[in-house]
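Residue numbers (the working numbering), protein chains in the order written: chain A, 598 to 1139; chain B, 598 to 1139.
There are 2 protein chains.
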Amino acid sequence: MKSANPATAPTLTRRELLALVGKVSGGGAMYQAMTTLGFAKESPYQGAVTLEGAPKGQSILVLGAGMAGLVAAYELRKAGYHVQVLDFNQRAGGRAWTLRGGDVFTELGGARQEVKFDPGLYINPGPWRIPHHHHAVLDYAHRLNVPLEPFMMVNYNSYLHSTSAFGGKPQRFKQVTADFQGHVAELLGKVTAQNQLDAGVTKDDQERLLEALRDWGALDKDYRYVKGASSAERRGYDVAPGGGLMPKAVPSQPLALSDLLQSGLWQHITAGADYEYQQAIFQPVGGMDGIAMALYREVKDLVRLNAKVVRIDQSERGVTVDYLPSQGPGPMQQVKADWCVCTIPLSILAQLDIRVQAPMLEAIQSVPYGASVKVGLQFNRRFWEQDERIYGGVTFTNLPIQMVSYPSTGYGHRGKGVLLGGYMFGPHAYEFTAMSPAERVRKAVEYGAQIHPQYHQEFDHGVAVGWHRVPWTLGCYGMWTEESRAKYYPTLCGIDGRIVLAGEHASMIPAWQEGAVLSSLDAIQRLHAKILSTVSSARTSA
Amino acid sequence: MKSANPATAPTLTRRELLALVGKVSGGGAMYQAMTTLGFAKESPYQGAVTLEGAPKGQSILVLGAGMAGLVAAYELRKAGYHVQVLDFNQRAGGRAWTLRGGDVFTELGGARQEVKFDPGLYINPGPWRIPHHHHAVLDYAHRLNVPLEPFMMVNYNSYLHSTSAFGGKPQRFKQVTADFQGHVAELLGKVTAQNQLDAGVTKDDQERLLEALRDWGALDKDYRYVKGASSAERRGYDVAPGGGLMPKAVPSQPLALSDLLQSGLWQHITAGADYEYQQAIFQPVGGMDGIAMALYREVKDLVRLNAKVVRIDQSERGVTVDYLPSQGPGPMQQVKADWCVCTIPLSILAQLDIRVQAPMLEAIQSVPYGASVKVGLQFNRRFWEQDERIYGGVTFTNLPIQMVSYPSTGYGHRGKGVLLGGYMFGPHAYEFTAMSPAERVRKAVEYGAQIHPQYHQEFDHGVAVGWHRVPWTLGCYGMWTEESRAKYYPTLCGIDGRIVLAGEHASMIPAWQEGAVLSSLDAIQRLHAKILSTVSSARTSA
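This is how it looks when you write it as structure tokens:
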């Protein structure tokens, strides 16, 4: 069977987008893009890790103070190791990063952005959601008393938008969803009633199916999906019921099946049904850096910021790392330890002088990094709530901004508001990365105004992070393919002498904090076992 | 077409339940039960009401300090009227009521419950959710700075449970939802591919439909819904992907179509798709009485609590109301006003001595009140989160408790937790209302333990409110039928001399705070207009 003709389905379907990503990124990017688009993975986290019996005097150097590095430092010190941490930035957290008013960010190429959001407002350039099955991340949040609040992934009152469908008029999520279900139920109901179903479905089951379709599809008593009381209780009203002697309710008119199919908008109605996006899904109150900051508070005394690692050496006796200040002048410095957990992104690590075996080096150099751009826009008022009754959630569009996401916090507040004015990945991310930050913001406002005309009047300030221009990652996340997984992943995750890697790039849940944390927990458990056996055999042979 | 045989669909479908409610309640209850079960209505609220030009010296007596009465008092005073409010209870809020530790509630029959919930824990015996389209209620919350948080209506990790399906083993919401969609997509995909679809669907649309079904149903490349990468990304894994060298992921096995259809569990997968339950949906932080309490703070000086109205008289010159203390001794007292907004529930009003026209009296006496019972259970720990990773949301069951709802707040907290251990309406509500509070709690624990065995170990304390035994409402909400609406509703909402009624019973959105508020706004606007014309014509004739 052949898929719908792209020419008549102007909004990119997920599959079309994947194919396009494949072409643009040379094929290998596709598997990873699938993750970004909703095919990512659950966690086998089994509870807090306990490392017992750390040999006396053993030291471990952790490179990177993002989620993987912070977890490693926190757990290894608890186990009894001497731990030191180096991080490139002037802050901890890595990609678990929140931009607030007063923050300054200078990207590769020198463009400097000063964030002017009002107090309490923010965007998360990196991760911004925590699924309920990301147990390890949630567990650290709970143990460290980081308050969580629901992330509004699905909002039935947000929009689905295509420039080439319904005259460019945004449709409400509830309408597209109700109408797709209704039409599907009516079509399947008809063939079921006409006994044209697969012979495998018994007569009794056919009757149950009909009943289920009527209920689920909001069909009328004759199994039709039409304007009326049933469909209105899903897709809404033209005139809604009121109190006292207010006007009588009037149901709304469903979209025609053909218009709906041609619009391509159906591709977005499973936005909250994909595994990584199913409710319950959370964000830390106040910004996604909350969990990283809570971990950092626990290990702050171990962490040296502003440290740009330039060389990672190892021998049979230990690890030696040279570093310079990332900002400002200062001499080369050196730190020595018995072991090393390296969480530096592969995009950076591949360019460093690191002493590992040839297969490990090859693995480090074989994982390209995904492109992604996020734009945060501050407006003078929360018009999406006040005018359009959209409280949180995501509007999807075929415009290059790809989506608009409304804040899942501060509902109903007067004053300014910050929304995510674009979250680009794949081809659109490359295009936006090539622009200056100001141009990215300008474009995001221009595109977004096609959905929310209030943008023109209410726009106040914006910031834009293109991950390929972030100096300390040079990309958003490690992009694996099935082929590169098979060839390099076990090597990359193995312990090379006295060095083990960790981070989202060393996990099967790339681009998620959970991948970084699980990778770290797995790496330190294996490293701990190796240390125990190494030290005990050294003692035996001594 | 005939519906599924109830004998083989052991979980009551919504329609079966409605039919049963019809039988039990004498037919008239059905329309109203439909509202409770998810067919209720949206609001035509158009923004804050402004009443201008109140004539000098005119007084209005408001009976009842629930949402309708509080809104009336708040707006009428702002307009310039002299307002007084009487309420039966020792607190304001009416059914916008939250039970917390330290509260005491004595029901009809004398059973007294002392609530022993830990600080910060509560249940809302009455309304507990605010849909995003309940604009009037939300607007008062925003204007009075009542913080809101999302109510978790849908949780893909909560359970759907039937004692007679899957050996009584609860199924996760995500599994039933994914499998229903998957099977429906596969069945419709097959007939589409075989050109057996309705002739009205063009060849091009058939191709688009196939593409949409594959995406939406998580079908594999051959349009089958089977165990594998696609279905796992909706229904989850047996072994989930991890970090480092953790075990490889293993997809889970979909439920067979026939088992799924026979289970009846599909009836619950649209729980969050029905109009009143669609996200965004909210609760005030700290309890549903938050909005009523904010209004009460504004009008506190006007409100006399502990006032049991026994007579409502009117003449051409004004309204006279007699009342006694509801608790404790005290003399009969009288209050006079020019006009009256009466928000006393019809169940109570029908028994009072009230002077209105015969048709109004008949209308007041023609609306029976719905039965509903809620049970709040405190447990020693939040095992639903800790053991089962259910953060908020609702588990549906065919047990008499009908549902278990997990708190949409305090996620991850250690310490005790309170969940809604049963929310009964229709026949089960009558059955539970007949029990003592202790017996209701005992039964709720016994039934709930079939879903959560931890109940046995962790149960601490419970309270149960059966609305037909609440002295000041004698029922949960006004139950209209299509027939009674046609016959009595316009009369009930009309102004009878100097008295107008308001409350959820005088709205098209019964059982919801929005109905009460819209009814109140509509009533006071009409009353204001009548006062203006009455006073101006009195002046002219004077």
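Glycine included, C-beta positions come from ideal geometry on N, C-alpha and C.
If we count the other Cβ atoms within 10 Å of its Cβ and call it buried at 16 or more, is residue i buried or exposed?
| i | result |
| --- | --- |
| Q962/B | exposed |
| P1087/A | exposed |
| M843/A | buried |
| D950/A | exposed |
| D898/A | exposed |
| L705/A | exposed |
| D955/A | Strictly speaking, residue 955/A in this sequence is Ala, with Asp absent from that position. So A955/A ends up on the exposed side. |
| P838/B | buried |
| V896/A | buried |
| H1053/B | exposed |
| T1137/B | exposed |
| G764/B | exposed |
| T867/A | buried |
| G925/A | exposed |
Under 7 Å Cβ to Cβ from residue i, same chain only, skipping five residues before and after it: list those, please.
| i | result |
| --- | --- |
| N977/A | K1013, E1055 and D1057 |
| A733/B | S640, Y642, E1111, V1114, L1115 and L1118 |
| R1011/A | none |
| Q850/B | K824 |
| S828/B | A775, G779, A815, Y822, P848 and P851 |
| A1135/A | none |
| E711/B | V701 |
| A826/B | P848 |
| G1075/B | L943, V964, Y966, E1101, H1102 and P1107 |
| P1179/B | No answer is possible for residue 1179/B: the residues shown for chain B start at 598 and end at 1139. |
Return the chain-ordered list of same chain residues with a C-beta closer than 8 Å to the C-beta of residue i, the five sequence neighbours on each side being excluded.
| i | result |
| --- | --- |
| N752/A | F770, I987, Y988, G989, G990, V991 and Y1003 |
| R831/A | K771, T774, A775, Q778, G779 and A815 |
| L745/A | I727, L735, A738, F879, Q880, P881 and V882 |
Pull up the CB-CB distance for residue i and residue j, whole angstroms please, since I reckon it's below 8 Å.
| i | j | result |
| --- | --- | --- |
| F1029/A | G1063/A | 6 Å |
| N721/B | W1069/B | Between W1069/B and N721/B the Cβ distance is about 16 Å, and since that is not below 8 Å, they are no contact. |
| C1073/A | S923/A | Not a contact, Cβ separation roughly 20 Å. |
| M1021/A | Q999/A | 6 Å |
| H1125/B | L648/B | 5 Å |
| V932/A | L683/A | 7 Å |
| H1049/A | F993/A | Incorrect: roughly 14 Å between the Cβ atoms, too far for contact. |
| A782/A | L810/A | 4 Å |
| G841/A | S1081/B | Actually they do not touch by this definition, with Cβ atoms about 16 Å apart. |
| L807/B | Y820/B | 7 Å |
| L1089/B | M890/B | Not confirmed; about 28 Å, so no contact. |
Going along the chain, which residues of its own chain have a beta-carbon closer than 6 Å to the beta-carbon of residue i, five neighbours each way excluded?
| i | result |
| --- | --- |
| A1061/B | V972, P1034, R1037 and V1038 |
| I727/B | V734 and F879 |
| F636/A | For F636/A, the predicted structure reports a pLDDT of 27, less than 50, and the residue's modelled location is therefore unreliable. The matter cannot be settled from this model. |
| S860/B | S759 and A762 |
| M749/B | G989, G990 and S1005 |
| A662/A | V682, D684, A689 and V900 |
| Q725/A | For the sequence presented, residue 725/A should be read as Trp rather than Gln. So the list reads M885, once near-sequence residues are dropped. |
Can you pull the chain C neighbours of residue i, defined as C-beta to C-beta under 7 Å?
| i | result |
| --- | --- |
| K787/B | In the structure shown, chain C cannot be found, because the protein chains are A and B. |
Item checked: Start-end ranges of the alpha helix (DSSP H) lying completely within the segment 855 to 890 of chain A, minimum 4 residues -> none
Checklist line | Segment contact flag, the segment 867 to 883 of chain A with the segment 794 to 807 of chain A, C-beta cutoff 8 Å, min 3 pairs | finding: no
Next item on the list: State whether the segment 685 to 703 of chain B contacts the segment 851 to 863 of chain B, with contact taken as three or more CB pairs (one from each stretch) at a distance under 8 Å.
Entry: no
Check: Would you say the segment 1091 to 1105 of chain A touches the segment 936 to 950 of chain A, given that touching needs at least three Cβ pairs under 8 Å?
Finding: yes
Check: Could you give the uninterrupted runs of the alpha helix (DSSP H) lying entirely in the segment 632 to 694 of chain A, keeping only those of 4 residues or more?
Finding: 664 to 676
Next item on the list: Examine the Cβ distances between the segment 666 to 677 of chain A and the segment 905 to 924 of chain A and report whether three or more of them are shorter than 8 Å.
Entry: no
Notebook entry, point to check: Which residue spans inside the segment 798 to 858 of chain B form an unbroken alpha helix (DSSP H) run of at least 4?
Noted result: 800 to 814 and 826 to 832
Checklist line | Contained alpha helix (DSSP H) runs [length at least 4] in the segment 972 to 1005 of chain B, N- to C-terminal order | finding: 980 to 983
Check: Curious, which full-length beta strand (DSSP E) runs of at least 3 residues does the segment 738 to 762 of chain A contain?
Finding: 745 to 747 and 756 to 758
Next item on the list: At 4 residues or longer, and completely inside the segment 1049 to 1111 of chain B: list those alpha helix (DSSP H) runs for me, N to C.
Entry: 1051 to 1055 and 1079 to 1090
Next item on the list: Pick out the complete beta strand (DSSP E) segments inside the segment 1010 to 1052 of chain A, 3 residues or longer, and give them in chain order.
Entry: 1014 to 1022
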